[in-house]
Amino acid sequence: MTKKKQEEKTQAVEEDIVIEETTLTIEEQLLEQIGVLQVEVIQLKNDYLKEKADVENTKKRLEKERMIERKYAAMDVAKAFINPLDHFELALKHEPKDEETKNFVQGFKMILTEIKKGLEGVGVSEIDALNEDYDPNFHQAVLVEKLENVEPNKVIDVLQKGYMFKERVIRPAMVKISE
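Residues in the sequence shown are numbered consecutively from 726, following the numbering used here.
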């Protein structure tokens, strides 16, 4: 409550006391004023407790938001590595003809393995899709094909790998599903 409102209430109580002076004794007037002040104290305590609870809730919410931000802080960096990783894997699928180039390719495969381990270490994982049930939360169906002996809505081919960062999808797997 503002100081001005308190002054107004005090003034109103004093005016009431002056008016009632003729009919009430000073003791009765003081008891009445005490009662008014007790009600005001109760209201101020309630207001204080509400404000204190609001502050605590705000602190908890901000701390939770900070923890989530820290948990997913590396997600943008992980996203930036996904396409180069795909291109690197695609380049290494081609088998070289001569022995010297095969040694280079072997070295690059080792580097690729280390990059994948590093990404896994910060929470990046591939989405397993092949032969799984189609799930639009993790898969993006771009082709549908009817096959014998394959139940409907099964992933029959992965056209582009999908990736997760902890519990969040960075990129859904692009798949072909059975009809």
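From the three backbone atoms N, C-alpha and C, an ideal C-beta is built for every residue, glycine too.
Item	Value
Cα-Cα separation between residue 789 and residue 806, rounded to whole angstroms	28 Å
Under the three-state DSSP convention, the category residue 761 falls into	helix
Alpha-carbon spacing of residue 854 relative to residue 864, whole angstroms	7 Å
Residues that residue 901 bridges to, as DSSP identifies them	868, 882
9 Å Cβ cutoff met for residue 895 and residue 849	yes
The region 879-898 / the region 791-798 touching (three or more Cβ pairs under 8 Å)	yes
Reduced DSSP category for residue 806 - H, G, I as helix; E, B as strand; rest coil	helix
Proximity below 9 Å, CB of residue 857 to CB of residue 875	no
Where the alpha helix (DSSP H) through residue 829 begins and ends	824-846
Beta-carbon proximity of residue 870 to residue 841, cut-off 9 Å	no
Sequence-distant residues of its chain with Cβ nearer than 8 Å to residue 859 (five each side left out)	866, 878, 879, 880, 900, 902
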